[in-house]
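Trainee:
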RNA sequence: GUGACUGUAGCUCAGUUGGCAGAGCACCUGGUUGUGGCCCAGGUGGCCGUGGGUUCAAGUCCCAUCAGUCACCCCA
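Residue numbers (the working numbering): 112 to 526.
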């Protein structure tokens, strides 16, 4: 029989990797709930239209990367490539806006993009996602950024760089894009790399994000978005920066920071690590006023971010596996049942450990006990079975004593 | 979608000009009555990614293919 293998870009997780993921989830729940965020669980599969309308028809994500297929009644559905669109749909559909004020939601789970896998990039990857809906206030942008920093530092991740930019709005961005295109017109093959020559027509903003040294050099004097903001955007951005700085978070103002999803306006930010290879962005987000309206909801503004869990996991230290409390050794066949029921009693008392299903030599079982790292080894031999006791051995110092079966739990708990 | 590199034991990897498939770790069993770690002895474990080709002979050379990794691209 040939064996079935997993699909390219999909992963199986076991400890210690899987432990990092559950830790991220529990820290997220703890931190985000302090800011008033509510746990949200939404579908993985959505109508394709949701993503093409929100992310942008012309983006790479929509054009080349989505897992899209017809369902059994030929309706086009898509495995979500990101979380925001689905959360917006849920917000609108469940009329969460009716409560008034700011609605704060967080979610986490798998996302799917059909890309060539590499370090920090899977076809099924996982994000933790936060969205704050219903307020255009720049202080909310600042709070979201500060909360992200709080979450990351709670995970023990320092050494991260925060980059912030403003992309302007529907009014001022087109003016800026015109100025940028104008500037790039003067750039030719001898200045820009092949990709950028293409990008200067298709997506001029991306030229600013190019890592090729030559491109960086020749675009150093390119017009900056931050010099072209309208009064509203300028004021909004100043308040965000001032509030973030005022709360003690240092960041880099990066006028070249670009987002790949079309819905972002005004504040955008990204958290970058230098320690995880080429896919260095561990979190990214920004403001998306107008998105909810464009999905048929009320004209409510929003701001949020997503963290890449695989990328964060690469930065997290491995935690020591927890040691069990006991390991039972049984020397006589008839004692196996006693071993099983003793283990059961101890587990119900809150202890952890295992009992054997078959007898083997004491040496072998002791080696097994040692390997599990159990604090205590409980020996049930001929003598113990007769006297209804267990020989309790402290594996750290080797001390051992006979304890009546009924008192083993309290004995272990007392240690 | 493009490129480069890598596929040998559960893991990390050796394997010379083509000439018997190897090591370390892990695992199992022992080292005399019922005692772990350290040490010692022995043992299990291989479609050498897969399929062709060259050759008396292929892990080794050639072609194809699949898989993995990293990078481009894109993004979290």
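Backbone N, C-alpha and C define an ideal beta-carbon position, used for all residues, glycine too.
1. Which of the three DSSP states is assigned to residue 377 in this structure?
2. Which ranges does the alpha helix (DSSP H) cover as unbroken runs of at least 4 residues, wholly within the region 245-297, from first to last along the chain?
3. Look at the Cβ atom of residue 180, then the Cβ atom of residue 277, and state whether they are nearer than 7 angstroms.
4. With distance defined between alpha-carbon atoms, name the residue in 213, 438, 419 nearest to residue 412.
5. So is residue 481 buried or exposed if we call it buried at 16+ other beta carbons inside 10 Å?
6. Give a yes or no on whether the C-beta atoms belonging to residue 390 and residue 147 are separated by under 7 angstroms.
7. In or out: residue 199 buried (at least 16 other Cβ within 10 Å) or exposed?
8. Rounded C-beta distance between residue 448 and residue 520? I'm assuming under 8 angstroms.
9. Kindly confirm or deny that the region 234-247 and the region 397-417 touch, where touching means at least three C-beta pairs closer than 8 angstroms.
10. Rank 310, 387, 252, 307 by C-alpha distance to the C-alpha of residue 344 and give the top, closest one.
11. Rank 327, 292, 328, 237 by C-alpha distance to the C-alpha of residue 311 and give the top, closest one.
12. Less than 8 angstroms between the CB atoms is what I'm expecting for residue 361 and residue 426, so what's the real figure, rounded?
13. Between the beta-carbon of residue 421 and the beta-carbon of residue 236, is there less than 7 angstroms?
14. At a cut-off of 6 angstroms, would you count residue 176 as near the ligand GTP, judging by its Cβ distance to the nearest heavy atom?
15. Does the distance from the C-beta atom of residue 226 to that of residue 169 stay below 7 angstroms?
16. Give the single residue among 302, 517, 224, 468 whose Cα lies nearest to the Cα of residue 456.
17. If you reduce the DSSP assignment to three classes, tell me which class residue 302 lands in.
18. Rounded to whole angstroms, what is the Cα-Cα separation between residue 218 and residue 143?
19. Please specify which runs of the alpha helix (DSSP H), each continuous and at least 4 residues long, are wholly inside the region 160-219, giving them in chain order.
20. According to DSSP, residue 394 sits in a beta bridge with which residue or residues?
21. Verify whether the separation of the beta carbon atoms of residue 364 and residue 275 is less than 7 angstroms.
Mentor: The answer reads as follows:
1. If DSSP states are grouped into helix, strand and coil, residue 377 belongs with the strands.
2. Scanning the region 245-297 for uninterrupted alpha helix (DSSP H) segments of 4 residues or longer gives 249-265, 283-296, listed from N- to C-terminal end.
3. Not in contact: residue 180 and residue 277 (Cβ atoms no closer than 7 angstroms).
4. If we check each option's Cα against that of residue 412, 213 comes out closest.
5. The residue in question, residue 481, is exposed, as its Cβ has fewer than 16 Cβ neighbours within 10 Å.
6. Judged by their CB atoms, residue 390 and residue 147 are not nearer to each other than the 7 angstroms cut-off.
7. With a 10 Å radius around the Cβ and a threshold of 16 neighbouring Cβ atoms, residue 199 comes out buried.
8. About 18 angstroms separates the two Cβ atoms, so there is no contact after all.
9. Touching, yes, given that three or more Cβ pairs across the two stretches are closer than 8 angstroms.
10. The candidate whose alpha carbon is nearest that of residue 344 is 252.
11. Closest by alpha carbon: 292.
12. Your pair residue 361 and residue 426 does not check out as a contact, with CB atoms roughly 19 angstroms apart and the cut at 8 angstroms.
13. Annotated as proximal: residue 421 and residue 236, with beta-carbon spacing under 7 angstroms.
14. In terms of ligand content, the structure shown is empty, and the ligand GTP therefore cannot be addressed.
15. Inclusion of residue 226 and residue 169 in the CB contact set at 7 angstroms is not warranted, their separation being larger than that value.
16. Looking at the Cα atoms, 517 is the closest of the given residues.
17. Residue 302: coil per DSSP, three-state reduction.
18. The straight-line gap from Cα to Cα measures roughly 10 angstroms.
19. You should have 195-204.
20. According to DSSP, residue 394 bridges with 382, 418.
21. Yes, the pair counts as a contact, with Cβ atoms nearer than the cut-off.
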